[in-house]
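These notes are about the structure you will find just below.
Residue numbers (this note's numbering), protein chains in the order written: chain A, 829 to 1392; chain B, 25 to 126.
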């Protein structure tokens, strides 16, 4: 009926995450087994794939062994693609439920079923065939071996007739084969396992590609969400084709001094974690990032897990950050959400949809640590990594805040593990001294940037946020009034040292003066000494003369005569 | 089940045997049915045989997906189905019970 073609061809399921797990889709002209517990999403999965195929121009048949065709169509109708599916004439339902009270007498064949399907798909191009709940029929075989054999027969029919088949059946526990059909997974080339489990009173669904013969695939069990658009695999988000390369472009944070500490600001497309205890201005700092982005005419998606929009915006206005005009202008989209309200994976999915819808330049999640409160077995770490990867691939800069407890400033950041993932980590804190609390900011790490790790004081005023140099005092840093006081003390000390110096200098000058005076006095003394010495010497000589002449009268007479 | 009060022109409930081509189970079912009818003195009952390989549209029309299948419609329009190769004699004779020979 079709060309001999042994090569594996894949058909897109229209579910991006599933196409990614299966590296392109499900095998064409082959059967895929979908096993899962009740409520795991088997029927929705098959209907959604069918809806996609029909939207693409293909058609198919839906054979139902459990629900009535009306139930199947109602089921589809609850999804966004349901109306188009139910309105299409390219597919048929076959009600293959066993009549109530039907009895068995011996083994049976399924050739009639296959012939009936063939009659319906004959006019369709590349048909999809869904056989939903085949275990309902085959469980009545007196020998399980017959049932397994017939599944193989169905698979061979796919190859022969060119059907791409989805065969679903209920699983028991951890088994990858439907009830009463042990071993059929060996007959079929591809097996998808859906699970649904109640954890913390919430339903957690997962999907796993248990087997894909002839194709590489992702074997992980991934979380599955069913929302209005049907089945979503949020952790298998598709990377956009135009994924952004890491650039060297830096953005401003709205605080000039913080930009300079970060060597010019965070890189565009990087992630910044702002962690701190309650009341350390984490949200205010995030808002500063947002406002700065808005001033650059860029869009910010602000996801708040803590606060409602209006009080938040009002509080920010009091510190000079006006978001309202930017919200009105559509540059900032504020999305408030309660962490308790959903599974972590639902939050991740919602965020991805918001990102795709709004296409922001900046993403703020305030606080990311709220994910710890959300139910889910995936854990906040994986969720955070997915979110950051999703944003990074789109070149979106992210700012995440994280609430830390009073005791350990790193506890929640460590639990979410953002600190190891984020490119830049800013720790906000407050120091208590002298009866006041002063906010501080320090940059713990910043990849690819020379940055100062000096703690700074963060000041909030009606003019906005600013940073002040702190006063280093020995091994401590001082802030607030203590800083001011210390600065005054320092000035006083400087002045007094100056005065002291002046005094000492004056004293020395005075002593120099004194010494000079003394030298002059001594010089005079020397002069006097010399003079009196000369006088004494002259008088000595005169006395000697007089004595000599007295002893020699002649000389005295002669002298007298001469004198007369 | 007591339909004797107003006997219509076709008092025999309609029996249809659905088969698929030459499948061995179809052959066995045909044989088992004939034997059972004989042992119940119902040789006069002629079951209608539909080959779904030749008329696949009847699969959906009659909602018969497993073959062989024996379909019995009684006077009130109630339809009963017995699936399988009819190898379980007790079940088959129960199923055929109260059919009256014409």
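Using N, Cα and C, we set each Cβ at its ideal position, and we do this for glycine too.
Look at residue i and residue j and say whether their C-beta atoms are less than 8 Å apart.
i, j, result
"residue 791 of chain A", "residue 1133 of chain A", "Lying before the first or after the last residue shown, residue 791 of chain A is absent from chain A, which here runs from 829 to 1392."
"residue 888 of chain A", "residue 976 of chain A", "no"
"residue 1192 of chain A", "residue 1227 of chain A", "yes"
"residue 1182 of chain A", "residue 845 of chain A", "no"
"residue 890 of chain A", "residue 960 of chain A", "yes"
"residue 851 of chain A", "residue 1063 of chain A", "no"
"residue 924 of chain A", "residue 974 of chain A", "no"
"residue 1225 of chain A", "residue 1094 of chain A", "yes"
"residue 1290 of chain A", "residue 1146 of chain A", "yes"
"residue 91 of chain B", "residue 43 of chain B", "yes"
"residue 1161 of chain A", "residue 1130 of chain A", "yes"
"residue 80 of chain B", "residue 41 of chain B", "no"
"residue 1101 of chain A", "residue 869 of chain A", "no"
"residue 86 of chain B", "residue 930 of chain A", "no"
"residue 1008 of chain A", "residue 967 of chain A", "yes"
"residue 1208 of chain A", "residue 1200 of chain A", "yes"
"residue 860 of chain A", "residue 1020 of chain A", "yes"
"residue 955 of chain A", "residue 896 of chain A", "no"
"residue 775 of chain A", "residue 1202 of chain A", "Because chain A in this structure spans residues 829 to 1392, residue 775 of chain A falls outside the shown range and cannot be described."
"residue 882 of chain A", "residue 918 of chain A", "yes"
"residue 1091 of chain A", "residue 1279 of chain A", "yes"
"residue 866 of chain A", "residue 998 of chain A", "yes"
If I measure Cβ to Cβ from residue i and keep anything under 6 Å in the same chain, skipping five residues before and after, which residues do I get?
i, result
"residue 840 of chain A", "847, 853"
"residue 1251 of chain A", "1098, 1099, 1275"
"residue 939 of chain A", "none"
"residue 110 of chain B", "53, 56, 57, 116"
"residue 837 of chain A", "856"
"residue 979 of chain A", "1012, 1015"
"residue 901 of chain A", "914"
"residue 1056 of chain A", "908"
Give the interface partners of residue i over in chain B, defined as CB-CB distance under 8 Å, in chain order.
i, result
"residue 897 of chain A", "What residue 897 of chain A touches in chain B: nothing, since even the nearest Cβ is about 11 Å away."
"residue 938 of chain A", "89, 90, 91"
Take residue i and list the residues in its own chain whose beta-carbon comes closer than 7 Å to its own, dropping the five residues that flank it on each side.
i, result
"residue 1260 of chain A", "none"
On the three-state DSSP scale, how would you describe residue i?
i, result
"residue 44 of chain B", "coil"
"residue 1136 of chain A", "coil"
"residue 1045 of chain A", "coil"
"residue 1359 of chain A", "helix"
"residue 1034 of chain A", "strand"
"residue 1104 of chain A", "strand"
"residue 988 of chain A", "helix"
"residue 888 of chain A", "strand"
"residue 1202 of chain A", "coil"
"residue 1053 of chain A", "strand"
"residue 830 of chain A", "Caution applies to residue 830 of chain A, whose pLDDT of 49 falls short of 50 and renders its modelled position unreliable; the model cannot decide the point."
"residue 863 of chain A", "strand"
"residue 1026 of chain A", "strand"
"residue 1077 of chain A", "coil"
"residue 842 of chain A", "coil"
"residue 836 of chain A", "coil"
"residue 993 of chain A", "strand"
"residue 999 of chain A", "strand"
"residue 1195 of chain A", "coil"
"residue 1237 of chain A", "Note on residue 1237 of chain A: pLDDT 49, under 50, position unreliable in the model; no value is reported."
"residue 871 of chain A", "helix"
Run through chain B and tell me which residues come within less than 9 Å of residue i, C-beta to C-beta.
i, result
"residue 923 of chain A", "84, 87"
"residue 968 of chain A", "90, 107, 108"
Given residue i, which residues of its chain have a CB within under 8 Å of its CB, disregarding the five upstream and five downstream residues?
i, result
"residue 874 of chain A", "862, 890, 958, 960, 994, 996"
"residue 1298 of chain A", "1268, 1282, 1283, 1284, 1285, 1305, 1306, 1307, 1311"
"residue 1374 of chain A", "none"
"residue 1295 of chain A", "1083, 1085, 1086, 1089, 1269, 1284, 1285, 1286, 1287"
"residue 1292 of chain A", "1082, 1083, 1116, 1147, 1148, 1149"
"residue 119 of chain B", "94, 96, 104, 106"
"residue 1237 of chain A", "Note that residue 1237 of chain A scores 49 on pLDDT, short of 50, meaning its location in the model is unreliable; the coordinates nonetheless yield the value given after this. Only 1103, 1104, 1105, 1255, 1257 meet the Cβ criterion."
"residue 934 of chain A", "970"
Give the interface partners of residue i over in chain A, defined as CB-CB distance under 9 Å, in chain order.
i, result
"residue 103 of chain B", "927"
At a CB-CB cut-off below 7 Å, which residues of chain B make contact with residue i?
i, result
"residue 975 of chain A", "Here the premise fails: no neighbours, minimum Cβ distance about 11 Å."
Against residue i, what residues of chain A qualify as contacts under a CB-to-CB distance less than 8 Å, listed in chain order?
i, result
"residue 115 of chain B", "931, 932, 933"
In chain A, which residues lie less than 7 Å from residue i when you measure between Cβ atoms?
i, result
"residue 111 of chain B", "933, 934"
Task: Whole alpha helix (DSSP H) elements within the region 57–95 of chain B, 4-residue minimum - done: When DSSP assignments are scanned along the region 57–95 of chain B, the uninterrupted stretches of alpha helix (DSSP H) that are 4 or more residues long and fall wholly within it turn out to be 81–86.
TODO: Within the region 1121–1189 of chain A, note down every full beta strand (DSSP E) run reaching 3 residues or more, in order along the chain.
DONE: Runs found: 1128–1132, 1160–1164.
Task: Minimum length 3: unbroken beta strand (DSSP E) runs contained in the region 1240–1321 of chain A - done: Listed in chain order, they are 1252–1261, 1264–1274, 1284–1289, 1292–1296, 1299–1301, 1304–1306.
Task: Continuous beta strand (DSSP E) assignments of at least 3 residues falling wholly in the region 919–944 of chain A - done: 919–923, all fully within the region 919–944 of chain A.
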